[in-house]
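The numbers in UniProt numbering rise by one with no breaks, and the one at position 451 of the sequence shown is 451. A virtual CB, placed ideally from N, CA and C, is assigned to each residue, including glycine. A quick write-up on the structure given underneath.
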Amino acid sequence: DRPTHASPAQNNSFPSLTMGAKGRVKSLDNEMSDEEEKEETKSNKTSKSRSQAKEHKSQLERLKDKDPEFYEFLKEHDEELLQFNDEDIDEDVTTDVEDAATDVEDADLQGDDEIGRHRVAEKKEKPSKNVITTAMVDSWCNSVQEKGNISAVRSLTRAFRTACHYGDDGGDDSSTKFSIMSSSVFNKIMLFVLSEMDAILRKLLKLPSSGGKKETIMDLMNTKHWKNYNHLVKSYLGNALHVLNQMTDTEMISFTLRRLKYSSIFLAAFPSLLRKYIKVALHFWATGGGALPVVSFLFLRDLCIRLGSDCLDECFRGIYKAYVLNCQFINAVKLQHLQFLGNCVIELFGVDVPTAYQHAFVFIRQLAMILRDALNTKTKEAFRKVYEWKFINCLELWTGAICAYSSEADFSPLAYPLTQIISGVARLVPTARYFPLRLRCVKMLNRIAAATGTFIPVSMLLLDMLEMKELNRHPTGGVGKAVDLRTILKVSKPTLKTRAFQEACVFSVAVELAEHLAQWSYSVAFFELSFIPLVRLRSFCKSTKVERFRKEMRQLINQIEASSEFTNERRMSISFLPNDPAAMSFLEDEKKSEASPLSQYVLTLRQRAQQRNDMLTESSVLVGEHSSVFGKKISESDEEDDAWNEEGASVFNSSWLPGGDSKTKKPKEIKQKKKKRKMEEHNTVAVDEDVVEELVLSSDEEESASDTLSAGEDDDEKLVPPRHRSKKQKPPTNISKTKVKSRAKKSKKRKRAN
1 DRPTHASPAQ
11 NNSFPSLTMG
21 AKGRVKSLDN
31 EMSDEEEKEE
41 TKSNKTSKSR
51 SQAKEHKSQL
61 ERLKDKDPEF
71 YEFLKEHDEE
81 LLQFNDEDID
91 EDVTTDVEDA
101 ATDVEDADLQ
111 GDDEIGRHRV
121 AEKKEKPSKN
131 VITTAMVDSW
141 CNSVQEKGNI
151 SAVRSLTRAF
161 RTACHYGDDG
171 GDDSSTKFSI
181 MSSSVFNKIM
191 LFVLSEMDAI
201 LRKLLKLPSS
211 GGKKETIMDL
221 MNTKHWKNYN
231 HLVKSYLGNA
241 LHVLNQMTDT
251 EMISFTLRRL
261 KYSSIFLAAF
271 PSLLRKYIKV
281 ALHFWATGGG
291 ALPVVSFLFL
301 RDLCIRLGSD
311 CLDECFRGIY
321 KAYVLNCQFI
331 NAVKLQHLQF
341 LGNCVIELFG
351 VDVPTAYQHA
361 FVFIRQLAMI
371 LRDALNTKTK
381 EAFRKVYEWK
391 FINCLELWTG
401 AICAYSSEAD
411 FSPLAYPLTQ
421 IISGVARLVP
431 TARYFPLRLR
441 CVKMLNRIAA
451 ATGTFIPVSM
461 LLLDMLEMKE
471 LNRHPTGGVG
481 KAVDLRTILK
491 VSKPTLKTRA
501 FQEACVFSVA
511 VELAEHLAQW
521 SYSVAFFELS
531 FIPLVRLRSF
541 CKSTKVERFR
551 KEMRQLINQI
561 EASSEFTNER
571 RMSISFLPND
581 PAAMSFLEDE
591 KKSEASPLSQ
601 YVLTLRQRAQ
611 QRNDMLTESS
621 VLVGEHSSVF
631 GKKISESDEE
641 DDAWNEEGAS
651 VFNSSWLPGG
661 DSKTKKPKEI
671 KQKKKKRKME
681 EHNTVAVDED
691 VVEELVLSSD
701 EEESASDTLS
711 AGEDDDEKLV
721 PPRHRSKKQK
731 PPTNISKTKV
741 KSRAKKSKKR
751 KRAN
């Protein structure tokens, strides 16, 4: 046979065939290597999961031997955690790995577009949350009350957080498990958590059902129970504080604070929350209405009693500053509310008198420095800082504190410096226009003298008032309106000349002088002490031209003389010297029974003064003098939990939600109303000023009815320079146009005649 020879074309095709075979072999090798890598990753993942599962199972077995109590607790409350099987996990892991592998293969076949769609779908599914319903809340409440299930407690805590943060800007955070609820669900969650959470937490932490002090929490913080459940306590207190800042209804705030008071002991473990709670309670105490100030004060007082030094300093400073901010102005309506605030401050200082002394010393020293500056500089601004309501009300507050704790050795030393300050204030500007302020200072001095049993010479301050010409002449300003000396510090010049002001001043002088002398009408030296006041009162009766004043002072003189005879008769029978300690027991029994004539006369004067004040008081506030007395009713209400629960059910029975439209609309409406009122008042004041400036032309009669201070005597007062006048004020040369025209015509006629 002949050998066959291939053509050149056929020879050229052999290399391509060999190259294609080699490529197929390489692709097959790559596929085999990919499959091997996948199998290796599967085996690695399964081995890792098996090792982790075995390790977790061994840990649970060791826990049973190491801490059997905790193991039993987990068995009761979370049995699913202990029912752990490594085989199930192996199966789950293998199936997960296989599913993942198949998903990867499908994704390779379907392309990158489908992978992107799958990821977008997963992102959309993540934010989906469980909507809280009434049935869910009822099931949680029942499981907590009947079984004490810890998982239900955690669910309630999460739901409580969602309810408290409803309407916040960050309320749709993906970390929260539950979503928004209706107002009925909100009310149910709030009522149950506020009413029962304290008892639940105390049961979990093995604490008594009520009470406790700071030391209890300090010891508890080192236990396993606290490490397991402290996050529940912090969540409850923190979310309750947040919703307190969102609430607008006073009854709702009062109920919330009332329930939180039982859990205030836990704030010892969270200093930052404690400071925030103090600020919120002080705000509600100073600005709240209804029963809210009382509830807020009881919350603060309970904090000071239970936590001690952790909050005493901050509470004392904060409540004093809040009082100062509220006492800058006084009228007949606000007077009783201010008395209530002062009583609260004094009551809180009684929790720890030694600590209160340190703060009182600093605050009284500040008042003394203000007075010293006024005495040294003698400027209008310095005088105004002393003769304002804020300064005088602070003196009233410390007077009440010293009278309340005069028997305490830690507080009584403050009586002397406070007496010096009050005496200096009374003598700072000795003019008739400041008679109300001087009478107020004399009342404070009489209270300190009666509480401490020390002699304070106040008779000279009163007798100097009687010798001023404004009280010795007939009133030239008419009868005038009734003057309430409790609500003013300074009177205007026209008021000085009225009959009502003169009668109020003379009657008040008689009352305060009788109070002062009645305190010492049982002293051995009463005859010598009352001699100079009797002489000056007789001279006033001779010099005064008003018969009513003369009659009033003669009655006082007769009572002083009768009391002097009362003590002299008993003084004749004693044998001890004046410096003998036995003189302290002189007429001790008579003093207790108030048997002297002057004491009996003082009782009648007090009744008259009370009747006068009742007539002057036109209205009162809801939180007045009755609520300022901390008596048995408040302590009894602390134990009436059922009544408070009923009140809570009635309070949380509205459609209000935190951050809702109702909350955002009300402040705007209030602001608009306030703006309208201010504009109306501004317009009326402007009109009144224009009318007064048109009528009053002489600088001697120019007077303002406000309580602003003019330094020194009346002769030192000057007109405001023209460049300092406002646009509304006009120069005191108001001549009508008709008069100007008539004068111009007369001048023309004269020229023609000439």
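Alpha carbon to alpha carbon, how far is Pro597 from Ser563? Give it in angstroms, no decimals. 5 Å
Delimiting residues of the alpha helix (DSSP H) encompassing Trp389: Trp389 to Ala404
DSSP-derived helix/strand/coil call for Asn613: helix
Which residues bound the alpha helix (DSSP H) around Gly269? In the sequence as displayed, the identity of residue 269 is Ala instead of Gly. Looking at the DSSP string, Ala269 is not in any alpha helix (DSSP H), and its letter there is neither H nor E.
Does the segment 373 to 390 come close enough to the segment 402 to 410 to have 3 or more Cβ pairs within less than 8 Å? no
DSSP three-state assignment for His474, whether helix, strand or coil: coil
DSSP three-state call for His516: helix, strand or coil? helix
Which same chain residues, not among the five before or five after Ile402, have their C-beta less than 8 Å away from its C-beta? Phe411, Ser412, Leu414, Ala415, Leu418, Ile448, Ala451 and Thr452
6 Å Cβ shell around Ser263 - same chain, five flanking residues per side excluded: Asp198
So is Thr544 buried or exposed if we call it buried at 16+ other beta carbons inside 10 Å? buried
Would the segment 203 to 219 count as touching the segment 237 to 249 if we require 3 or more Cβ pairs under 8 Å? no
What is the rounded straight-line gap between the Cα of Lys203 and the Cα of Glu396? 47 Å
In this structure, how does DSSP classify Lys536 when only helix, strand and coil are distinguished? Rather than Lys, the amino acid found at residue 536 in this sequence is Arg. Residue state, collapsed to three classes: helix.
Tell me whether the beta-carbon of Leu439 lies closer than 8 Å to the beta-carbon of Glu512. yes
Around the Cβ of Glu503, are there at least 16 other Cβ atoms within 10 angstroms (buried) or fewer (exposed)? buried
Counting along the chain, where does the alpha helix (DSSP H) carrying Met468 start and finish? Element bounds for Met468: n/a, residue is neither H nor E.
Contact between the segment 560 to 580 and the segment 489 to 500 (3+ Cβ pairs under 8 Å): no
So Val442 packs on Leu462, CB below 8 Å; how close in whole Å? 6 Å
Just the Cα atoms here: how many angstroms apart are Trp520 and Gly477? 39 Å
With distances taken Cα to Cα, identify the nearest neighbour of Arg570 among Arg384, Glu590, Arg554 and Ala163. Glu590
Since Lys385 is in the alpha helix (DSSP H), which residue starts that stretch and which ends it? Lys380 to Val386
Residue environment, Met460, which counts as buried when at least 16 other CB atoms sit within 10 Å: exposed
Within a Cβ cutoff of 8 Å, which residues of the same chain sit near Ile278, ignoring the five residues on either side of it in sequence? Leu300, Leu303, Cys311, Glu314, Cys315 and Gly318
Three or more C-beta pairs closer than 8 Å, one from the segment 224 to 238 and one from the segment 131 to 149: is that the case here? no
Using the Cα positions of Leu466 and Ile364, report the straight-line distance between them to the nearest angstrom. 31 Å
Selected residue, minimal CA-CA separation from Gln336, among Arg486, Arg62 and Ala135: Arg486
Alpha-carbon spacing of Phe576 relative to Ala582, whole angstroms: 7 Å
So, with DSSP's three-state summary, where would you put Ser151? helix
Hey, could you find the ends of the alpha helix (DSSP H) Asn579 is sitting in? Careful: Asn579 lies outside any alpha helix (DSSP H) and carries neither H nor E.
Is it buried or exposed for His231, if we count other Cβ within 10 angstroms and need 16 for buried? exposed
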